[in-house]
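Below is one structure, written out as structure tokens; comments come after it.
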Amino acid sequence: MSAAPFAISRDFVAAHNARLEAAIVEDYQALSRALARRGFEAEALVGEIMRFSVAIPTWGVGTGGTRFARFPGPGEPRNVFEKIEDCGVIQQLARATPAISPHIPWDKTSDYAALRETAAQLGLGFDAVNSNTFQDQPGQALSYKFGSLSHADAAVRAQAIAHNIECIEIGRALGSKALTVWIADGSNFAGQSNLTKALDRYLAAMSEVYRALPADWRVFIEHKLYEPAFYSTVISDWGTSFAAAQELGPKALCLVDLGHHAPSVNIEQIVARLIRFKKLAGFHFNDSKYGDDDLDSGSTAPFRLFLVFNELVDAARRRAKGFAPAYMIDQSHNVTDPIESLMQSAIELQRAYAQALIVDRARLAAAQEANDALGAHLELKRAFTADVSPLLAVARLRSGGAIAPIEAYRASKYRAHKAKERPPVAGTSAGIV
Ligand code: RM4
Ligand code: MN
Ligand code: MN
């Protein structure tokens, strides 16, 4: 009988925290006094940060790749149960990620009740299920080479519809309440596809998926400007996504993947628009510098991330109708340990959230009303430049996590243990290939 898989113990985390706690409490007290002078109560902020959560993508715990290569890391998860084990460590140490967003068929298994149970034991639930009609699977009857839900051939569309309906069924077994649909459909040559007919076919196909949604489910439409198609993409932008969601009905909402826009597009304004029209589904968080959509959250454009959260906190504060966004991470970790990247990303998202919480909204509104452009801007900058790290650390500590999650993770040697326990299996492709 093989030994039980290595797990980071509670005692290990407690010993880690014991070493760092005194310093962090000192920093927290100093920050509390500074915040109090501006009318913010640190304790209340910590409570809000503790309630913040973002789902981990199961595909994110494997090493990703580009279309040129994938360089697998040691001890990568080889199946969905091992992916969940890694997601459990991220939640154990960073305490911001109590849900997983699965990808089908990558996470297909024969026993979903067992999967749900395994996740629950690690304190994890299931968020939106992602369908996949951008690849062909072994043994698949018809190819998605020229599209899926918008394909010219009705038989291919039917296969893609059936796949999405199967994802809903799997999601029900897992306790999920939403389906995210991103299609890779598009064209590489002007004239290759009829731009109008392709969208018509997508809408007709999606209305069948929509009809299969249980009463308490929602479907998230994810747009993407380009890639893998490089001339046109069927659901290319938030305008198309919005029009499609509008036509499909109230259960259809628009998902914003931060990396799926043209460079320099004002994403926070898109977010504000979608909130205004009650169509914001939620996010796939990541960062991007050029046309990429897979860098770690907050690693390149933290101010933009803060501005997105500024809109979200603004909507929450004024209790915007229909505002209940789902937060998920969607990244590809090609050169880092995915567990480290995902913990750091969750922390960066919490940071942006915490900074948005300390925007003085009354002063901001007053400056806006008075056309005081710089004054208004400085209200945002004051919040953005504040170091809220002690609030985040205290929130983690109170939720039972590690004060310094990456430091604790490295010291635990989790990855080295997994490298021994999980010898690579030929042909596995753990992350996004
Ligand atoms: C796409 C899109 C989808 C994700 C795939 C792996 O660019 O972001 O959400 O499921 O990548
Ligand atoms: Mn995405
Ligand atoms: Mn993407």
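Convert by adding 30 to the 1-based position in the sequence shown; the result is the number in this note's numbering.
C-beta atoms are modelled at their ideal positions from N, C-alpha and C, and glycine is treated no differently.
Quick caveat, the model's predicted, so the values are computed rather than measured.
Buried/exposed call for residue i, threshold 16 Cβ in 10 Å
i	result
G221	exposed
H253	buried
K351	exposed
R381	buried
R49	exposed
G177	buried
P87	buried
N364	buried
R231	buried
D157	buried
F336	buried
A33	exposed
Q167	exposed
D141	exposed
E56	exposed
F272	buried
G328	buried
D41	exposed
K448	buried
Y320	exposed
7 Å Cβ cutoff met for residue i and residue j
i	j	result
P128	S83	yes
L179	I213	yes
I377	F315	no
L204	R146	yes
S429	R125	yes
G105	R445	yes
P420	L61	yes
T330	D317	yes
F414	Q385	yes
V301	V338	yes
V76	A425	yes
L288	A275	no
R306	A235	no
I369	V119	yes
I54	I388	no
V239	I191	yes
L172	A184	no
Y174	N218	no
A423	H46	no
A149	I114	yes
Q14	D324	With the chain represented from 31 up to 463, any question about residue 14 goes unanswered, as that position is not in the structure.
W247	K207	yes
S442	I195	no
G123	G431	First, the amino acid is wrong: residue 123 is Leu here, not Gly. Yes, they are a contact pair.
Own chain partners of residue i with C-beta closer than 6 Å, once the 5 adjacent residues on each side are dropped
i	result
H407	none
P102	T93
M31	Because M31 sits at a pLDDT of 46, beneath the cut-off of 50, its placement in the model cannot be relied upon, and the point is left open.
G279	none
F36	H447
A228	S180 and V264
Residue i Cβ short of 6 Å to ligand 2 heavy atom set
i	result
D287	yes
H314	yes
D326	no
D360	yes
Cut-off 7 Å between Cβ atoms - residues of its own chain near residue i, not counting five sequence neighbours on either side
i	result
A397	G405, A406 and E409
Q374	D326 and I436
C197	I134, V159, S161 and L209
G312	F250, L285, P355, A356, Y357 and M358
E112	R452
H291	L255 and I297
H193	S161 and T163
R393	E409
K308	K351 and G352
Contact test: residue i Cβ vs ligand 3 heavy atom, cutoff 6 Å
i	result
D323	yes
Contact set for residue i: own chain, Cβ-Cβ below 8 Å, skip 5 residues either direction
i	result
P258	F164, A214 and G216
L243	I198, L209, V249 and K281
G69	D390
P454	P102, E106 and R108
Residue i: CB within 6 Å of a non-hydrogen atom of ligand 1
i	result
W247	no
E252	yes
N160	yes
W212	yes
Next on the checklist: Ignoring anything shorter than 4 residues, give me the alpha helix (DSSP H) runs that lie fully in the stretch 313-367, in order along the chain.
Outcome noted: Qualifying alpha helix (DSSP H) stretches, in chain order: 332-347.
Item to check | Residue ranges of each beta strand (DSSP E) within the stretch 105-146, 3 or longer | outcome: As far as the stretch 105-146 is concerned, its whole beta strand (DSSP E) runs of at least 3 residues are 129-131.
Next on the checklist: Which complete beta strand (DSSP E) runs does the stretch 193-279 hold, if anything under 3 residues is left out?
Outcome noted: Taking only runs of at least 3 residues, the beta strand (DSSP E) segments lying wholly in the stretch 193-279 are 208-211 and 248-252.
Checklist entry - Going along the chain, which unbroken runs of the alpha helix (DSSP H) with 4 or more residues stay wholly within the stretch 367-420? => result Whole alpha helix (DSSP H) segments, 4+ residues: 368-387, 391-399 and 403-414.
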